[in-house]
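Taking it in order: structure first as structure tokens, then the write-up.
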Amino acid sequence: PAIAPQPARPAIVPQPGGGAHAPAIAKPPRPETPRTAPTQAPVPGPKVQRPAQPGLFGNGTPGAVMPPAVVRPPQGEAPTMGTAPGGATPPAMPPQGIGQPVVPPGAVRPMPPQGAGQPMPPQGAGRPMPPQGAGQPMPPQGAGQPMPPQGAGRPMPPQGAGQPMPPMGAGQPMPPRGDGRPPMPPQGEARPHGGGVGVGAAVGAAAVGAAVGVVGGMILGGDARGLDDVHRQRRETVRDGSTFYSEPGRVIIRDDRGLHLRHDESERFRGLDGEMTTERRGGEIYQVWRRPDGVRIVTVTDEDGRLLRRIRRWPDGRDEILIDNARRPRPARWSDEIVVLPPPPPTHRRVYIETERADETEIYDLLAAEPLAPLPRRYSLDEIRVSRDLRAYMPAVDVDTITFASGSWEVEPGQIARLAVVAKSIQRILANSPDEIFLVEGHTDAVGSDIDNLSLSDRRATAVAAILTRDFGVPPENLTTQGYGEQVLKEATSGPSRINRRVTVRRITPLLETAGGR
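Here this note's numbering is used: the first residue of the sequence shown is 36, the next is one more, and so on.
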């Protein structure tokens with residue numbers, strides 16, 4: 036089809052007064068009508084109304100915060116710009132670029148109506164816009180319209196059900212950043228407390244699939260430096276006979292079998308040197324910590340924050356699966372994971388040792404020991420965490436040289452050096468077998484509520500594990516943590532007891548089921 040000729044570019048005439056104002060757009064002559072200079076002050080430019088933020092992200096995903104919409108004056112109420120020098124009547128159309136708000140890309144902005152035969156102001160350098168029909172708005176970006184491209188002109192892939200998850204096979208490299216997948220929201224800065232990394236801003240709403248007040252989700256964006264902070268931010272929700280207590284970085288579930296705590300599995304990694312990235316793949320969340328030596332630690336969780344896999348990926352592309360917690364179907368309730376076993380048979384071997392009364396060799400021998408008796412099968416990490424009978428088959432080191440003040444998870448500076456003997460024993464074991472996994476267990480005394488004690492004990496375990504990494508170089512991927520509150524009292528008393536406020540370390544690799552079939 037033939038292209039209609041474009042209207043000629045309107046002439047630009049200077050304002051009287053020697054260039055004190057920007058050039059104005061020449062307009063067709065009008066019948067002369069007596070006018071007087073305005074007596075009121077100049078009307079400011081169009082106001083910008085910012086809508087309430089309906090969503091979580093600003094990266095173009097559904098529920099994203101849209102740019103502010105520009106509200107223009109009603110038709111026939113152009114802003115008054117004052118009187119030009121010499122008493123000349125100012126143009127009804129204000130000059131382009133003066134007093135106009137900067138509209139972000141993608142904002143919905145209707146075009147002002149054009150009068151019959153009135154040309155549009157020039158758009159861009161030497162390229163006029165063809166005239167628009169009166170009152171014809173720009174088409175808004177609504178549902179079904181593609182979002183603007185994200186980064187380097189590459190469009191975002193669609194998200195939602197049905198998106199295939201790339202397999203995590205051996206030797207398969209992690210996709211590079213900026214490969215077209217939507218970025219996750221930025222992680223909150225981890226602040227140190229209690230000798231370890233901060234509880235921090237969990238992992239963002241998408242990373243656990245829940246926000247504040249939603250059943251099953253830990254509180255997001257919160258931080259806790261003491262028990263008072265935990266109390267202030269804790270939320271309680273009841274569903275299907277179970278009660279969920281959501282707090283910063285953790286959620287506690289109470290049902291007819293008792294209490295269980297689930298925490299942010301990447302909390303200890305965010306305060307370390309290196310780069311931390313997060314992305315969603317279908318219904319799973321991949322959090323990748325790139326160590327300074329190029330090794331990547333991949334932590335995979337589901338939308339509830341439950342750990343599925345932890346993988347060590349070497350720079351040459353080799354994958355080493357450290358924890359595979361998804362090889363067995365996930366039960367409907369956490370208490371269905373509890374394994375009931377008879378106690379191990381009596382043995383002459385030591386099954387428990389206190390660091391205050393043992394040297395490095397004794398601690399090493401105990402941590403490196405095999406189970407106290409054969410077991411019928413290997414178990415998932417969830418089963419090990421919730422089953423006291425099962426854990427009892429592995430010898431344990433009670434770190435009684437590290438204790439805590441009541442209501443605190445802070446490791447006192449003078450106690451940090453006492454962890455050296457445990458750290459050296461762990462390092463010796465890892466030198467011969469780099470894929471070993473150690474469980475750091477937190478405990479409290481019986482003072483206070485069971486909810487507070489469970490939260491306190493888990494934070495104590497995290498603080499000690501963080502010190503083992505930060506101060507003694509134990510790889511964080513070889514450690515996992517869990518709090519048990521007042522369930523395992525060392526001193527049988529319901530009153531305050533500092534020796535009950537402690538941590539315990541045991542090697543759980545012989546119990547653990549992984550993809551390698553160990």
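By construction, the Cβ of each residue, glycine as well, lies at the ideal position given by its N, Cα and C atoms.
Spatial neighbours of residue i in its chain, beta-carbon cut-off 6 Å, leaving aside the 5 residues before and after
{"i": "threonine 539", "result": "Ala431, Asp433 and Glu476"}
{"i": "threonine 549", "result": "Ile356 and Asp359"}
{"i": "arginine 494", "result": "Trp444"}
{"i": "leucine 416", "result": "Ile358 and Asn360"}
{"i": "leucine 342", "result": "Glu300, Thr336 and Asn360"}
{"i": "arginine 463", "result": "Tyr399"}
Counted within 10 angstroms of its Cβ, other Cβ atoms place residue i as buried (16 or more) or exposed
{"i": "proline 366", "result": "exposed"}
{"i": "alanine 242", "result": "Confidence in alanine 242 is poor, its pLDDT being 36 and thus under 50, which makes the residue's placement too unreliable to answer from."}
{"i": "valine 273", "result": "exposed"}
{"i": "aspartate 291", "result": "exposed"}
{"i": "glutamate 314", "result": "buried"}
{"i": "histidine 266", "result": "exposed"}
{"i": "threonine 515", "result": "buried"}
{"i": "glutamate 405", "result": "exposed"}
{"i": "threonine 528", "result": "exposed"}
{"i": "arginine 85", "result": "Reliability fails at arginine 85, whose pLDDT of 40 lies under 50, so the model's placement of it is uncertain and the value that follows must be treated cautiously. The residue is exposed, with fewer than 16 neighbouring Cβ atoms inside 10 Å."}
{"i": "proline 193", "result": "Because the pLDDT of proline 193 is 43, which lies under 50, any placement of that residue in the model is unreliable, and the number read from its coordinates should be weighed accordingly. So proline 193 ends up on the exposed side."}
{"i": "glycine 449", "result": "exposed"}
{"i": "arginine 345", "result": "buried"}
{"i": "serine 490", "result": "buried"}
{"i": "arginine 412", "result": "exposed"}
{"i": "arginine 555", "result": "Nothing about residue 555 can be read from this structure; the chain reaches only from 36 to 553."}
{"i": "arginine 305", "result": "buried"}
{"i": "serine 484", "result": "exposed"}
{"i": "glutamine 468", "result": "Per the sequence shown, residue 468 should be read as serine rather than glutamine. Flag for serine 468 reads exposed."}
{"i": "alanine 393", "result": "buried"}
Check whether residue i and residue j have beta carbons under 8 Å apart
{"i": "isoleucine 288", "j": "tryptophan 369", "result": "yes"}
{"i": "leucine 474", "j": "isoleucine 398", "result": "no"}
{"i": "valine 374", "j": "aspartate 424", "result": "yes"}
{"i": "arginine 541", "j": "arginine 426", "result": "yes"}
{"i": "glutamine 268", "j": "glycine 257", "result": "yes"}
{"i": "glutamate 471", "j": "arginine 347", "result": "no"}
{"i": "valine 509", "j": "alanine 458", "result": "yes"}
{"i": "leucine 307", "j": "threonine 504", "result": "yes"}
{"i": "leucine 547", "j": "isoleucine 502", "result": "no"}
{"i": "valine 330", "j": "tyrosine 321", "result": "no"}
{"i": "leucine 402", "j": "isoleucine 461", "result": "yes"}
{"i": "valine 446", "j": "glutamate 395", "result": "no"}
{"i": "tyrosine 428", "j": "proline 379", "result": "yes"}
Per DSSP, cross-strand counterpart(s) of residue i
{"i": "aspartate 298", "result": "Here the sequence assigns histidine to residue 298, which means aspartate is not the residue at that position. Partner(s): Arg285."}
{"i": "alanine 431", "result": "Tyr387"}
{"i": "glycine 477", "result": "Gly518 and Val538"}
{"i": "methionine 311", "result": "Trp324"}
{"i": "aspartate 290", "result": "Gly293"}
{"i": "threonine 272", "result": "Phe279"}
{"i": "tyrosine 414", "result": "Leu547"}
{"i": "arginine 344", "result": "Val335 and Asp359"}
{"i": "arginine 316", "result": "Glu319"}
{"i": "isoleucine 254", "result": "Pro283"}
Same chain, Cβ closer than 7 Å to residue i, five either side skipped, listed in chain order
{"i": "valine 482", "result": "Ser441, Gly530 and Pro531"}
{"i": "asparagine 535", "result": "His478, Thr479, Asp480, Leu524, Lys525 and Glu526"}
{"i": "glycine 318", "result": "Asp337 and Glu338"}
{"i": "threonine 382", "result": "Leu407"}
{"i": "valine 421", "result": "His295, Trp369, Glu372 and Ile373"}
{"i": "asparagine 488", "result": "Thr479, Gly520 and Glu521"}
{"i": "glutamate 389", "result": "Asp433 and Asp435"}
{"i": "glutamate 418", "result": "Glu372, Val374 and Leu425"}
Cβ neighbours of residue i in the same chain (closer than 8 Å, five flanking residues each side left out)
{"i": "glycine 309", "result": "Trp324, Arg325, Arg326 and Pro327"}
{"i": "tyrosine 414", "result": "Val374, Ser422, Leu425, Leu546, Leu547 and Glu548"}
{"i": "glutamate 391", "result": "Asp435 and Thr436"}
{"i": "arginine 65", "result": "Note on arginine 65: pLDDT 48, under 50, position unreliable in the model; no value is reported."}
The beta strand (DSSP E) enclosing residue i, as first and last residue numbers
{"i": "tyrosine 321", "result": "319 to 325"}
{"i": "glutamate 355", "result": "354 to 359"}
{"i": "threonine 336", "result": "331 to 337"}
Span of the alpha helix (DSSP H), counted from its first residue to its last, around residue i
{"i": "threonine 436", "result": "Neither: threonine 436 is in no alpha helix (DSSP H) and is coded neither H nor E."}
{"i": "threonine 497", "result": "485 to 505"}
{"i": "threonine 382", "result": "Premise fails: threonine 382 is in no alpha helix (DSSP H) and is neither H nor E."}
{"i": "arginine 426", "result": "423 to 426"}
{"i": "lysine 525", "result": "From DSSP, lysine 525 is part of no alpha helix (DSSP H); its letter is neither H nor E."}
{"i": "leucine 465", "result": "455 to 467"}
{"i": "isoleucine 398", "result": "395 to 402"}
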